[in-house]
Structure formats: structure tokens, C-alpha cells
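Asks: Numbered by our numbering, the letters in the sequence shown go through residues 25 to 311 in order. Where is the CB? At the ideal position from N, CA and C, for every residue including glycine. Please read all numbers here as calculations on a predicted model, not as lab measurements. Before anything else, here's the structure in question.
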Amino acid sequence: INAEYGGGSETMFFCRSSLRSVQAQTLAPTLFQRTRLPRWSPRVPRFPPGSRAVFDIHIKRKKKIIKSEKPKNVEEVINNILYNSPEIVEEEEKRHILSVLVNNEAGVLSRVSGVLAGVGFNIDSVVGARTESPLITRMTIILHGKKSQIDNARKLLEDLVPVWAVLDYTNTNNIERELVFVKVSLTESHDDPMSSSSNVKFLKISELVRVFDAKVLDLTPESVLVELAAKSSRVNSFIQLLKPFGILDLARTGAMVVPRDKYHEEKDEDIEISASPKVDATSLPPG
Numbered sequence: 025i026n027a028e029y030g031g032g033s034e035t036m037f038f039c040r041s042s043l044r045s046v047q048a049q050t051l052a053p054t055l056f057q058r059t060r061l062p063r064w065s066p067r068v069p070r071f072p073p074g075s076r077a078v079f080d081i082h083i084k085r086k087k088k089i090i091k092s093e094k095p096k097n098v099e100e101v102i103n104n105i106l107y108n109s110p111e112i113v114e115e116e117e118k119r120h121i122l123s124v125l126v127n128n129e130a131g132v133l134s135r136v137s138g139v140l141a142g143v144g145f146n147i148d149s150v151v152g153a154r155t156e157s158p159l160i161t162r163m164t165i166i167l168h169g170k171k172s173q174i175d176n177a178r179k180l181l182e183d184l185v186p187v188w189a190v191l192d193y194t195n196t197n198n199i200e201r202e203l204v205f206v207k208v209s210l211t212e213s214h215d216d217p218m219s220s221s222s223n224v225k226f227l228k229i230s231e232l233v234r235v236f237d238a239k240v241l242d243l244t245p246e247s248v249l250v251e252l253a254a255k256s257s258r259v260n261s262f263i264q265l266l267k268p269f270g271i272l273d274l275a276r277t278g279a280m281v282v283p284r285d286k287y288h289e290e291k292d293e294d295i296e297i298s299a300s301p302k303v304d305a306t307s308l309p310p311g
């Protein structure tokens, strides 16, 4: 083979096998480019320039491939739901007043208290007495609990045979009274009953009796017996103020509740009726 380069020439000698390999190396790239397209470029049909098909293909090439997110675990899904869910507001325990109308027969009180004890209630106070009918007894029960628990207790009480009705006076406009007897000491262990300290204690107790509109039922050199009829909250305050003097004995009746008429709009307030109403002087005759 004569090869010319740089203005000169050179003669090269090859055997047939080496010549075939040289021809394959020189001709293979050209044949591959003419017969095959690269793997990364798809075969696209030719369209005339400016056609709609060329525009669509151009838009498809520029679209970004959105990778699908990995599926979340079960724990992540549950935590996300719990985090975005609203908080559950628990019911607060409050004081409830129940008025139960029952038959005036033996064992009714034990059956009613047994039902409430089975639900898990501790009765704060219970007052039972006959009504205008000697066959019917009204029981006023004070409980502390949630509204759902109170509703469940009402349904259980209504299922009892001797029970006629169960009324809830918690949110009604009613009159509530409780009677309490308190015996307070006037002396100390080392003092004389007629000493000056006893007189000072009696004066202070008398002032509390006047402020709370209570009554002194009995007085001895050692103690004084006081009576108060008021709301349960007022009774509790009165007892707390008498504790520093030394309470010897105490007895409470429990709350009694009667609903007001719809005419009165005031709630938990006593209506004072004056015996001598005011008279307008301009309406009187002259002289």
C-alpha cells in the first residue's frame, strides 16, 4: 500500500489478515453512524417545518418528569392524622341537683342509693320527706360528676319500679336552702369559762351571726349553739369562719330545692318584698 503524507510517499506491506482488520477498523464507525441511531435519541418521524406535530413534540420534550413520592409508613400516616385532628375536650365534673319522686314505702332509699353506688357516685347530700300526698316522697340528691354520667344515672333510676320521675334542677332557676346547727366553744383548755377571752370570742361569734343572718339557739358558759338556713355555699363559708373558734358539734340537713316560677328572671337570688311600699308624694292630695 502506497501512502502519501507531507509531500512524500511510503510503501507499507500488510498480509491479508492484517489488511482485513485495518479495513474493519476504518469502515466500522462510518457504517454504524449511517445505519443506526444513538440509543438516547428516539426515532422521530420527519414533518414539514412549522407544522403542529413538530410543536407538540417540542413541548413534550420540555416537560419535566415528576418523580412519584415514596409511600409513607403506617406510623407516619397515623401520626399525621392524630396531629391534624382537633383536641377532645373532656367534660368537667360539676355539682348536679336531682329531685326524685318515689313511692312512700320501705326500702326505697336503699334501692336508690344502691343504684347510684353501682354507677360509682358518692352522694354529697340526700333529703327525703313526704309531699302534700302521704303516698309520694320527694328526695333531693346532690351529686358531683360529668353530665354523661348523670344522664346514665337518671336512666337507671327511672327504671326502678317505685320511682315516678327524676328531675334535674342543675341549670334551672330555683331556690335552695340548707339548715345547719353549729356548736362553738367559748373557752380554751386552760381558761376560765367566765374569763375575758371567752367574752371576746362570744363578741366575735355574735358579729358573724349578725353578718350571716343566723340565730343563737343556746348559750352556756362553755359553748354557743348557732343556727343558719341559707344556700350550701353560704353555709360552707359560715362553717369555715367558725373553725378557728373551735367547733364542738355540727349537723347539716342537706340541700332542699324548689324551682321558681317562670315569672322571675333572677337566678339564685332571693326576692325581697318590702312590707311598706314607697308612695309617690306627687300623687297625694294637697295638705
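As an exercise, report each continuous beta strand (DSSP E) stretch of at least 3 residues that is fully enclosed by the stretch 235-266, in chain order.
Replies: Listed in chain order, the complete beta strand (DSSP E) runs (minimum 3 residues) inside the stretch 235-266 are 239-243, 247-254.
Asks: For residue 137, which three-state DSSP category applies?
Replies: Of the three classes helix, strand and coil, the one that applies to residue 137 here is helix, per DSSP.
Asks: By the DSSP assignment, the beta strand (DSSP E) with residue 198 in it spans what residues?
Replies: It spans 198-209 - the beta strand (DSSP E) in which residue 198 sits, taken as one unbroken run.
Asks: Sorted by chain position, which residues of the same chain lie with C-beta nearer than 7 Å to residue 125's C-beta, five sequence neighbours on each side aside?
Replies: Excluding positions up to five away in sequence, the list reads 160, 162, 188, 189.
Asks: Under 8 Å Cβ to Cβ from residue 266, same chain only, skipping five residues before and after it: list those, please.
Replies: So the list reads 206, 208, 229, 232, 250, once near-sequence residues are dropped.
Asks: Whether or not the stretch 126-143 and the stretch 250-265 are in contact is what I'm after, with contact meaning three or more pairs of Cβ atoms, one per stretch, closer than 8 Å; do they touch?
Replies: Contact between the stretch 250-265 and the stretch 126-143 is absent, because fewer than three Cβ pairs lie under 8 Å.
Asks: Does residue 132 pass the burial test, meaning 16 or more other C-beta atoms within 10 Å, or should it be called exposed?
Replies: Answer is buried; the Cβ neighbour count reaches 16.
Asks: May I ask you to verify whether the stretch 150-160 touches the stretch 172-185, counting CB pairs closer than 8 Å and requiring at least 3?
Replies: Flag = no, the stretch 150-160 and the stretch 172-185 do not touch.
Asks: Please classify residue 196: is it buried, with 16 or more other beta-carbons within 10 angstroms of its beta-carbon, or exposed?
Replies: The residue in question, residue 196, is exposed, as its Cβ has fewer than 16 Cβ neighbours within 10 Å.
Asks: How would you call residue 136, buried or exposed, if buried means at least 16 neighbouring beta carbons within 10 angstroms?
Replies: Classification of residue 136: buried, given that the 10 Å Cβ count is 16 or more.
Asks: Taking only the alpha-carbon atoms, compute the straight-line gap between residue 52 and residue 97 and give it to the nearest angstrom.
Replies: Caution is warranted here: a pLDDT of 49 is assigned to residue 52, below 50, making its placement in the model unreliable, and the coordinate value is therefore given only provisionally. Spanning the two alpha carbons is a distance of roughly 54 Å.
Asks: Which first and last residues belong to the alpha helix (DSSP H) in which residue 118 is found?
Replies: Premise fails: residue 118 lies in the beta strand (DSSP E), 118-127, not in any alpha helix (DSSP H).
Asks: Just reading off the alpha helix (DSSP H) that residue 105 is part of, what are its end residues?
Replies: Residue 105 -> alpha helix (DSSP H) spans 98-108.
Asks: In terms of DSSP beta bridges, what is residue 152 paired with?
Replies: Answer is 163, bridged to residue 152.
Asks: Using a threshold of 8 Å, state whether the C-beta atoms of residue 276 and residue 204 are closer than that.
Replies: Closer than 8 Å, so yes.
Asks: At which residues does the beta strand (DSSP E) containing residue 272 begin and terminate?
Replies: First-last of the beta strand (DSSP E) with residue 272: 271-283.
Asks: Bridge partners of residue 322, per DSSP?
Replies: Missing from the structure shown is residue 322; the chain here goes from 25 to 311 and no further.
Asks: Use the C-beta contact count for residue 202: other C-beta atoms within 10 angstroms, 16 or more gives buried, fewer gives exposed.
Replies: Residue 202 is buried by the Cβ-count criterion.
Asks: Taking the alpha helix (DSSP H) that residue 177 belongs to, which residues open and close that run?
Replies: It spans 171-182 - the alpha helix (DSSP H) in which residue 177 sits, taken as one unbroken run.
Asks: Can residue 278 and residue 151 be called in contact, C-beta distance under 8 Å?
Replies: The answer is yes: Cβ separation under 8 Å.
Asks: Is the distance from the Cβ of residue 199 to the Cβ of residue 166 below 8 Å?
Replies: Not in contact: residue 199 and residue 166 (Cβ atoms no closer than 8 Å).
Asks: My understanding is that residue 280 touches residue 155, with C-beta atoms under 8 Å, so please give their C-beta distance in whole angstroms.
Replies: Not really, about 12 Å apart at Cβ, beyond 8 Å.
Asks: Kindly list the residues whose CB is nearer than 7 Å to the CB of residue 284, restricted to its own chain and excluding five residues on each side of it in sequence; keep chain order.
Replies: Correct list, in chain order: 197, 198, 199.
Asks: Under the rule that 16 or more other beta-carbon atoms within 10 Å means buried, what is residue 238, buried or exposed?
Replies: Residue 238 is buried by the Cβ-count criterion.
Asks: Are there 16 or more other CB atoms within 10 angstroms of the CB of residue 106, so buried, or fewer, so exposed?
Replies: By the 10 Å Cβ count, residue 106 comes out exposed.
Asks: Can you list, in chain order, the residues of its chain whose CB lies under 6 Å from that of residue 170, leaving out five sequence neighbours each side?
Replies: The answer, listed in chain order, is 115, 117.
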